[in-house]
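**Q**
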Amino acid sequence: MSNAGLQSDAKKIQSSNPIPLEQLEHVTIRFAGDSGDGMQLTGNQFTNTSAFIGNDVSTFPDFPAEIRAPAGSLPGVSGFQIHFSSKDIRTAGDTPNVLVAMNPAALKVHLKDLEKGGMVIINSSAFTKPNLKKAGYETNPLEDKSLDSYRVFDIPLTKLNEDALSETSLSKKEIDRCKNFFALGIMYWLYDRPLEITLDWIEKKFKNKPEIIDANQKALKSGYYFGETSEIFTTHYHVDQAQLPQGTYRQVTGNRAIALGLVAGAQLAGKPLFYGSYPITPASDILHELSNYKNFDVRTFQAEDEIAAIGVALGASFGGHLGVTGTSGPGVALKAEFMGLAVMTELPLVIVNVMRAGPSTGMPTKTEQTDLFQALYGRNGECPMVVLAPSTPSDCFTISIEAMRIATKYMVPVIILSDNTLANGAEPWKIPHVDEFPKFEVNHLVEANNFLPYQRNEKTLARPWVAPGTKGLEHRIGGIEKQDLTGNVSYDPQNHEKMIRLRAEKVQRVAQEIAPLEISGPEKGDTLLVGWGSTYGAIASAADQLREEGLSVSNIHIRHLSPLPSDLGDIMKRFKNVIIAECNTGQLRQVIRGTYLVDAKGINKIQGQPLKISEIKSKVKEMI
Amino acid sequence: MSPAELALKKQDFVSDQEVRWCPGCGDYAILAAVQKLVPTLGIPKENFAFISGIGCSSRFPYYMNTYGFHTIHGRAPSVATGLKVSRPELSVWVVTGDGDALSIGGNHFIHAMRRNVDINVLLFNNRIYGLTKGQYSPTSEVGKKTKSTPYGSLDYPINSLTLALASEATFIARSYDVNTPHLIEVLKKAHEHKGVSFVEIYQNCNIFNDGAFKHLTDRTIRDDKILSLEHGKPMIFGKESNQGIVIRNNTPEVVTLGENGITEKDIEVHDEFGENPAITYMLTEMDHPKFPVPVGVFRKVEKPTYEHLFEKQVETVTQQKGKGNLEKLIHGSDTWEVK
Ligand code: SF4
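First to last, the protein sequences are chains A and B.
Sequential numbering of the first sequence, starting at 179, is according to our numbering.
Sequential numbering of the second sequence, starting at 15, is according to our numbering.
In structure tokens:
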């Protein structure tokens, strides 16, 4: 479908509409309702349509922790935030301008985040006594003036939707399920979006169920026309296309990008991909995604537990395939011993940790960057590993390829630290061409005169990768300390220290792969804001804005946490203040202080929610 | 390739590493048996992989001049599974012990059994922790006095064969260290079986649990104490070959041939292909002193192997969808142009 067509359709509808259209640069909307209200779907549809018509978009879904919390209860509230803009944006928005609340619980949970004076669109049909009680409201907020500081539009969505669909053959329950499309229709009118993308989607999604297609499409259109004709709204809004670089775009979440990156990496290496995993929130989607790609020489294995999941992956790597395992923090804890074995046996392996709030079970559906120490140090003995962290959902693709390249080139296990924000957040992704990525043909050693399993490449210190089945190169590996070169069991004191240092040096050598850090803002000056991982968008935007306000604030983002980029130390020396913003109590800060003796300060948030631009800005102002 | 063409000898499988088990350890005999067997299997040396966990027995791969991986405690089945599934042409062997397989690795053990990956799992059962110097193990008898149980152990032992059967392993067998011909025969059958093969091997730890199986395997009494299972043959044992097993009221009984009119016809005939696991279960539970302890192949049933199904699925999907095109995959279906 072409953009132009959609735009002109939108214009057609718009031209018949007398209500004034106001231009906005960007808007943040939060859809909130019961888990059963289809808020994720509604948010995704709004996002797709916005991306299609050329806005820059960024999203942040906020899932309820309970899978089946009672309907109407506070724990059952599901939220989806979308930020869409005519400018380049990097986050899902600090503060929603608009809240769509499908029931009292949704209002209760999300109202506190809404900007003062913001718009609240409320499904008043759901504000019944029992629902109010479930949400803990003693009086009805629609009547008790508690919403006076907001622009409230109470619309009996459930009822209107029922009326619109009264002619259909569907049951009352089925009709009720369409109400999110009614709400979406209103939002499409309010923000001047075309209906076609969602109409098409409904048709594909409910193929062979004509009544359902009909009802959902009707609900969507009825919502749209309701917006147009009801005279509740006195203005509606338009957000122009953004000036994104030319190209073909798609939406991508971090988890999907990791799956795609792993497939791409394996193909660039010319090797089969073997993904061993055990279901865990929020990493399972990578397993789901990859298990669809069997025709890409991808093998997925759902193991009996986290330990076996890395065990099979390491077994596959020993066999000459690209072994990968994916999990979240608790799973990494269980895999630690195997990670040590991978370090010791110097086999390529990729371990993906989609971080969630800890410790222990913590808050599985919430985001955090608290597993950095675990990644760097969470194993017995001196056991350094390469650690990478993607900064955006689409960077998850690039970094997955890089992880595979490093793992095979240096014969090391590599950790990718993603997190819940990246995993489930989506952004437009300018689709790369496969041939833009350099191939990294992996060569197995197939013959040698005096074969030594632990003889090293001079530049990378990698040992040869010999797959079983290779005649004449039979050898044994294992977790007991290796004798240098031969790989035989050795308890020799000097040898042990040598091997410890060699393994560490090998990780350090990976620094030669790291491109110079990009400094945004002045090359030297007052303040350097440093971040890693999913905080990139918020930090970069905050720094931009602070610079616009005339402050000397530069920012860098670290994608390689072990080894650290070799120019990092010098860069930090050029600034009076170094401030590290991260969603933990200061883990990178401690590493940087320890490594460089730099008196870095921290901006830290550990609430299971991403850092906001405004939070970073105000903290920076306080600190400098 | 035929064994003759390969012309491999036992010596070809002896690695350059000095064997470090205690002198007199039962592991030596098992190593020798395996090194004697493998050259006869018609498999090139480079296609063998021995994977182990942690424990005395798990040093095994270092002594085999094949590919080998000494992994971590209890986890060898997972590494072996990953290897076999990605490289089905290899002959993959797991060497494990009672603590390794049944205690710390219990979960991997049952899943390796039920998945039916074509690997051979050899469990050296010495009913003790040897490497950590003598604590009771999950197969130790109740009341075992060890360093960690000075007043006697309280837990009932695990029966590895019963566990393998409950996990629906397709090949289950038992042998013992001091009978090399029997051991070689059982291991050969384990190798020939397509699917997971589980072999428990009674192994003497002469340092920490000396004589644990002497009351069964000692040459002088062996015939009376051990029932050698052979497919299609009646379950007869005893020095005089005059004792046998009958099953009455779903319960096995030891009977004497010639007494009470018992003839060979009355004796239960061993059927290793038997679909009924109830009889196999009875056999796995038969124990000293009430019964002779059965050795040999308890069960051998056919089921498609995991790696076969795994590969077939990849092939089928590839056939249906066509070989994946990376460019298209990355492109996805919902795209838009920015001009
Ligand atoms: S401790 Fe026991 S099992 Fe271990 S090597 Fe010595 S005799 Fe063998």
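Ideal Cβ placement from N, Cα and C applies to all residues, glycine included.
1. DSSP on B/Thr153, reduced to helix/strand/coil?
2. If I follow the unbroken beta strand (DSSP E) through A/Arg681, where does it start and stop?
3. Is it buried or exposed for A/Arg371, if we count other Cβ within 10 angstroms and need 16 for buried?
4. Output, in chain order, the set of chain A residues within a Cβ distance shorter than 8 Å of B/Ala94.
5. On the DSSP bridge assignment, give the partners of A/Ile300 in chain order.
6. What's the gap between the Cα of A/Ile364 and the Cα of A/Ser408?
7. Please identify, using Cβ separations under 9 Å, the residues of the stretch 610 to 624 of chain A that lie next to chain B, in order along the chain.
8. Flag A/Arg268 as yes if its beta-carbon sits less than 9 Å from any beta-carbon of chain B, otherwise no.
9. For B/Trp35, which three-state DSSP category applies?
10. Beta carbon of A/Val592, beta carbon of A/Val528: below 9 Å?
11. At which residues does the alpha helix (DSSP H) containing A/Val490 begin and terminate?
12. Counting pairs of Cβ atoms below 8 Å between the stretch 718 to 731 of chain A and the stretch 544 to 555 of chain A, do you hit three or more?
13. Name the residue from B/Thr80, B/Ser66, B/Phe287 whose alpha carbon lies nearest to the alpha carbon of A/Val644.
14. Checking the sheet assignment: what are the DSSP bridge partners for A/Ala453?
15. Can you give the Cα-Cα distance for A/Lys633 and B/Phe62, rounded to whole angstroms?
16. Between B/Gly67 and the ligand SF4, is the CB less than 8 Å from at least one heavy atom?
17. Going along the stretch 39 to 56 of chain B in order, which residues come within less than 9 Å of chain A, judged by CB to CB distance?
18. Thinking C-alpha only, which one of A/Asn339, A/Gly454, A/Asp392 is nearest A/Gly401?
19. Among residues of its own chain, excluding the 5 on either side of B/Arg89, which ones have a beta-carbon nearer than 7 Å to its beta-carbon?
20. At a Cβ threshold of 9 Å, is A/Val510 touching chain B?
21. Answer with yes or no whether the minimum CB distance from B/His87 to chain A is below 9 Å.
22. For the candidate residues A/Arg477, A/Ser668, A/Ile299, A/Arg428, whose alpha-carbon lies nearest to that of A/Ala604?
23. Anyone know if the C-beta pair for B/Ala226 and B/Ala204 falls short of 9 Å?
24. Roughly how far, in whole angstroms, is the beta-carbon of B/Gly209 from the beta-carbon of B/Lys317, given that I think they are within contact range, below 8 Å?
25. I'd like the span of the alpha helix (DSSP H) that includes A/Ala437, first residue to last.
26. Any residues in the stretch 359 to 374 of chain A with a beta carbon nearer than 7 Å to a beta carbon of chain B? Which ones, in chain order?
27. What does DSSP give as the partner residue(s) for A/His738 in the beta ladder?
28. Can you grab the Cα-Cα spacing for the pair B/Lys342 / B/Asp348, in whole Å?
29. Could you please give the first and the last residue of the uninterrupted beta strand (DSSP E) stretch that includes A/Asp722?
30. To the nearest angstrom, how far is it from the Cα of A/Val287 to the Cα of B/Val315?
31. Give a yes or no on whether the minimum CB-CB distance between A/Asp187 and chain B is below 9 Å.
32. Between A/Gly183 and B/Glu351, what straight-line distance do the alpha-carbon atoms span, to the nearest angstrom?
33. Just to confirm before moving on: does the CB-CB distance between A/Ser263 and A/Asn233 stay below 9 Å?
34. Any beta carbon of chain B sitting closer than 9 Å to that of A/Arg477?
35. Can a CB atom of chain B be found closer than 9 Å to the CB of A/Val756?
36. Would you kindly work out how many angstroms separate the C-alpha atoms of A/Phe331 and A/His416, rounded to a whole number?
**A** Per the coordinate set shown:
1. Counting from one through the second sequence, the residue named residue 153 of chain B turns up at place 139. B/Thr153: coil per DSSP, three-state reduction.
2. Taking the first residue of the first sequence as 1, we reach residue 681 of chain A at position 503. Careful: A/Arg681 lies outside any beta strand (DSSP E), inside the alpha helix (DSSP H) at 671 to 687.
3. Mapped onto the first sequence, residue 371 of chain A falls at position 193. Classification of A/Arg371: buried, given that the 10 Å Cβ count is 16 or more.
4. On the second sequence, position 80 is the one that residue 94 of chain B refers to. Residues of chain A passing the Cβ test: Gly493.
5. Taking the first sequence and counting its residues from 1, one reaches residue 300 of chain A at position 122. BP columns for A/Ile300 point to A/Ala279, A/Asp332.
6. Counting from 1 along the first sequence, the entry for residue 364 of chain A is found at position 186. Counting from 1 along the first sequence, the entry for residue 408 of chain A is found at position 230. Between A/Ile364 and A/Ser408, the C-alpha separation is close to 11 Å.
7. Pro610, His611, Val612, Asp613
8. What you label residue 268 of chain A is simply residue 90 of the first sequence in a count that begins at 1. No, no contact with chain B.
9. Here residue 35 of chain B refers to the residue found at position 21 when the second sequence is read from its first residue. Three-state DSSP puts B/Trp35 in coil, outside helix and strand.
10. Here residue 592 of chain A corresponds to residue number 414 of the first sequence, with the count starting at 1. Here residue 528 of chain A corresponds to residue number 350 of the first sequence, with the count starting at 1. Result yes, Cβ atoms of A/Val592 and A/Val528 sit closer than 9 Å.
11. Position 312 of the first sequence holds residue 490 of chain A. Start and end: 484 to 496.
12. no
13. Translated into the one-based positions of the first sequence, residue 644 of chain A becomes position 466. Of the listed residues, the one whose Cα sits closest to A/Val644 is B/Thr80.
14. Residue mapping note: residue 453 of chain A aligns to position 275 of the first sequence, counting from 1. Contrary to the premise, residue 453 of chain A reads as Tyr rather than Ala in this sequence. A/Thr478, A/Val502, per the DSSP bridge assignment.
15. Counted from its first residue, the first sequence places residue 633 of chain A at position 455. Counted from its first residue, the second sequence places residue 62 of chain B at position 48. Reading off the sequence, residue 633 of chain A comes out as Gln, not Lys. Taking the straight line joining both Cα atoms gives about 23 Å.
16. Taking the second sequence and counting its residues from 1, the one referred to as residue 67 of chain B is at position 53. Incorrect: B/Gly67 has no Cβ contact closer than 8 Å to the ligand SF4.
17. none
18. Here residue 401 of chain A refers to the residue found at position 223 of the first sequence. Among A/Asn339, A/Gly454, A/Asp392, the Cα nearest to that of A/Gly401 belongs to A/Asn339.
19. On the second sequence, position 75 is the one that residue 89 of chain B refers to. Correct list, in chain order: Gly67, Gly119, His122.
20. Numbered from its first residue, the first sequence carries residue 510 of chain A at position 332. No - not a single Cβ of chain B is within 9 Å of the one on A/Val510.
21. As a first step, residue 87 of chain B is located in the second sequence; it is residue number 73 there, counting from the start. Chain A contact via Cβ: present.
22. Walking along the first sequence from the start, residue 604 of chain A turns up at place 426. Cα-wise, what sits closest to A/Ala604 is A/Arg428.
23. As a first step, residue 226 of chain B is located in the second sequence; it is residue number 212 there, counting from the start. As a first step, residue 204 of chain B is located in the second sequence; it is residue number 190 there, counting from the start. No, they are not a contact pair.
24. As a position in the second sequence, residue 209 of chain B is number 195, starting the count at 1. As a position in the second sequence, residue 317 of chain B is number 303, starting the count at 1. With 8 Å as the limit, B/Gly209 and B/Lys317 qualify as a contact, their Cβ atoms being about 6 Å apart.
25. Taking the first sequence and counting its residues from 1, one reaches residue 437 of chain A at position 259. First-last of the alpha helix (DSSP H) with A/Ala437: 432 to 447.
26. none
27. Position 560 of the first sequence, counting from 1, holds the residue named residue 738 of chain A. Beta-bridge pairing links A/His738 to A/Leu566.
28. As a first step, residue 342 of chain B is located in the second sequence; it is residue number 328 there, counting from the start. As a first step, residue 348 of chain B is located in the second sequence; it is residue number 334 there, counting from the start. Whole-angstrom Cα-Cα distance: 11 Å.
29. Within the first sequence, the letter at position 544 stands for residue 722 of chain A. That residue, A/Asp722, is in no beta strand (DSSP E); its alpha helix (DSSP H) goes 714 to 726.
30. Taking the first residue of the first sequence as 1, we reach residue 287 of chain A at position 109. Taking the first residue of the second sequence as 1, we reach residue 315 of chain B at position 301. For A/Val287 and B/Val315, the distance between alpha carbons rounds to 58 Å.
31. Stepping through the first sequence from its first residue, residue 187 of chain A is reached at position 9. Bear in mind that the predicted position of A/Asp187 carries a pLDDT of just 44, short of 50, making it too unreliable to give a figure here.
32. The sequence position of residue 183 of chain A within the first sequence is 5, counting from 1. The sequence position of residue 351 of chain B within the second sequence is 337, counting from 1. Because the pLDDT of A/Gly183 is 38, which lies under 50, any placement of that residue in the model is unreliable, and the number read from its coordinates should be weighed accordingly. Using only the alpha carbons, I get a separation of about 13 Å.
33. The residue given as residue 263 of chain A occupies position 85 in the first sequence. The residue given as residue 233 of chain A occupies position 55 in the first sequence. Yes, Cβ-Cβ distance for A/Ser263 and A/Asn233 is below 9 Å.
34. For this step, residue 477 of chain A is matched to residue 299 along the first sequence. Cβ-Cβ to chain B under 9 Å: yes for A/Arg477.
35. Position 578 of the first sequence, counting from 1, holds the residue named residue 756 of chain A. Not an interface residue.
36. Here residue 331 of chain A is taken as the residue at index 153 of the first sequence, counted from 1. Here residue 416 of chain A is taken as the residue at index 238 of the first sequence, counted from 1. Rounded to whole angstroms, A/Phe331 to A/His416 spans 19 Å at the Cα level.
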